[in-house]
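Peer 1: If you're matching positions, the sequence shown starts at 432 in my numbering and goes up one per residue. Note that CB positions come from ideal geometry on N, CA and C, so glycine has one too.
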Amino acid sequence: MKSGESETVEFKKSTGEWKEIVETISAFANKKGGVILVGVDEKKEVCGVSIGKGTI
Numbered sequence: 432m433k434s435g436e437s438e439t440v441e442f443k444k445s446t447g448e449w450k451e452i453v454e455t456i457s458a459f460a461n462k463k464g465g466v467i468l469v470g471v472d473e474k475k476e477v478c479g480v481s482i483g484k485g486t487i
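(1) Is E441 buried or exposed, if buried means 16 or more other CB atoms sit within 10 Å of its CB?
(2) Rounded to a whole number of angstroms, what is the C-alpha to C-alpha distance between I467 and T455?
(3) V469 to S457, Cα distance in whole Å?
(4) For V453, report the span of its alpha helix (DSSP H) as first-last.
(5) Determine, using beta carbons only, whether V480 and V471 come nearer to each other than 7 Å.
See below:
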């Protein structure tokens, strides 16, 4: 997280950003892969996420 977002690292503040998360997964699948950190905002601050049965 220290170096921020990059070609292979993406931050998503919440699971409510499903459209963007799916687009990022697709982009990573077409490249060398990557990591999506859900619960982290663009400022690299951890905001956390509540996960329940309906989340995934």
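Peer 2: If we stick to the structure as given:
(1) buried
(2) 8 Å
(3) 16 Å
(4) 449-460
(5) no
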